[in-house]
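Some notes on the structure that comes next.
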Amino acid sequence: MPSAAPLRMTPRHVQLLRALFAAVAALMITFSPDHSHEVGLAVFGGFGIATAMVFALAAWLVAPAGHRGAPVLLGAVHLAAGMAASAVALRSETLLFVVLIGWALLAGIVELAIGITQRARLGRSESRDAVVVGGLTILLGAILIFVRPEYALTYSIEEAGAFTLTGTTIAVGLFGGYAAIVAVFLGIAGLSPAPSEPASLETAAAAPQEDRP
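Per numbering that gives the first Met the number 0, residue 0 is the first one in the sequence shown, and the count goes up by one each step.
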């Protein structure tokens, strides 16, 4: 009786794991009534460390020898940002903006560059996914640059009371929205069927003569 084929981690598993952790971060922010810097840093810290672990697995089990630098670099960026956000004693509104902006710009540029420069090795679909996610991450960082931490807008809703919209609330909400978009995009990419490779000229030439018209 033939033995079952061993399980193998593929780039699609990496995409699905990244989508899972991004979805968890998005849900935690969406359903939390508190969008303070403490909550934002706590959620991002878990997201950053978990995503770094995914990249570590990708470098170990997916990337071929000689091409492990890209996932290792992305994992290091996410790990450093996640660890900084997880430093409870240092948590502040300033740290939230510094970590989010620094991580978004650096991780986005690295992933965008990987998608562009390694297209031949990654393939069209994986290269496109890296370019899209990298571009979205850079866009998040660019938008956050224009959000002022000291911003505060007080407004009231009839029969609900007065509320205050702060720069911190906006920043945490933007990260939650980003995480939701990335989760959906990578989830679809990870569940999509792999593109079929066209038959090569060598295969066609080797076909039996009687099978040809």
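The beta-carbon is built from N, C-alpha and C at its ideal position, and this holds for glycine as well.
Leaving out five residues before and five after residue i in sequence, what residues of the same chain have Cβ atoms less than 8 Å from its Cβ?
i: residue 4; result: For residue 4, the pLDDT reaches just 42, beneath the cut-off of 50, and the residue's location in the model is therefore unreliable, leaving the point undetermined.
i: residue 0; result: With a pLDDT of 41 at residue 0, under the threshold of 50, the modelled position of that residue is not reliable, and the figure given next carries that caveat. If we look at residue 0 and ignore the five residues flanking it on each side, it has no Cβ neighbours.
i: residue 212; result: Low local confidence applies: a pLDDT of 42 at residue 212 is under 50, so the model's placement there is unreliable, with the coordinate-based value given in what follows. Nothing listed; no residue qualifies.
i: residue 82; result: 44, 47 and 48
i: residue 192; result: none
For a test of the three-state rule: what should DSSP assign to residue i, helix, strand or coil?
i: residue 168; result: helix
i: residue 215; result: Residue 215 lies beyond the residue range present for the chain, which begins at 0 and ends at 212; the question has no answer from this structure.
i: residue 136; result: helix
i: residue 9; result: coil
Evaluate residue i with the Cβ neighbour count: other Cβ atoms within 10 Å of its Cβ, from every protein chain shown; 16 or more gives buried, anything less gives exposed.
i: residue 17; result: buried
i: residue 125; result: buried
i: residue 205; result: Per-residue confidence for residue 205 stands at a pLDDT of 40, beneath the threshold of 50, marking its modelled position as unreliable; the derived number appears in the next sentence. Classification of residue 205: exposed, given that the 10 Å Cβ count is below 16.
i: residue 207; result: Note on residue 207: pLDDT 44, under 50, position unreliable in the model; the coordinate value appears next. Classification for residue 207: exposed.
i: residue 168; result: buried
i: residue 185; result: buried
i: residue 107; result: buried
i: residue 198; result: Note that residue 198 scores 38 on pLDDT, short of 50, meaning its location in the model is unreliable and no value can be drawn from it.
i: residue 53; result: buried
i: residue 149; result: exposed
i: residue 88; result: exposed
i: residue 25; result: buried
i: residue 62; result: buried
i: residue 64; result: exposed
If you check the beta carbons only, do residue i and residue j fall under 9 Å apart?
i: residue 133; j: residue 119; result: no
i: residue 21; j: residue 178; result: yes
i: residue 136; j: residue 151; result: no
i: residue 181; j: residue 28; result: no
i: residue 85; j: residue 44; result: yes
i: residue 31; j: residue 23; result: no
i: residue 66; j: residue 189; result: no
i: residue 69; j: residue 117; result: yes
i: residue 229; j: residue 123; result: Since the displayed the chain opens at 0 and closes at 212, residue 229 lies outside it and no answer follows.
i: residue 99; j: residue 145; result: no
i: residue 114; j: residue 121; result: yes
In chain order, what residues of the same chain have a beta carbon less than 7 Å from the beta carbon of residue i, not counting five sequence neighbours either side?
i: residue 55; result: 74
i: residue 91; result: 36
i: residue 147; result: 166
i: residue 109; result: 72, 73 and 76
i: residue 9; result: 61
i: residue 95; result: 36, 39, 40, 167 and 170
Please return the same chain residues whose Cβ sits closer than 6 Å to the Cβ of residue i, not counting the five positions on each side in sequence.
i: residue 103; result: 136, 139 and 140
i: residue 163; result: 151 and 153
Check the Cβ-Cβ distances between residue i and every residue of chain B, and say whether any is below 9 Å.
i: residue 163; result: No chain B appears in the structure shown, which is made up of a single protein chain.
| message | Measuring CB atoms only, is the segment 29-49 touching the segment 71-86, in the sense that at least three cross pairs come out at less than 8 Å? | response | The segment 29-49 is in contact with the segment 71-86.
| message | With three or more C-beta pairs closer than 8 Å as the rule, is the segment 141-152 touching the segment 115-131? | response | Cβ pair count under 8 Å is below three, so no.
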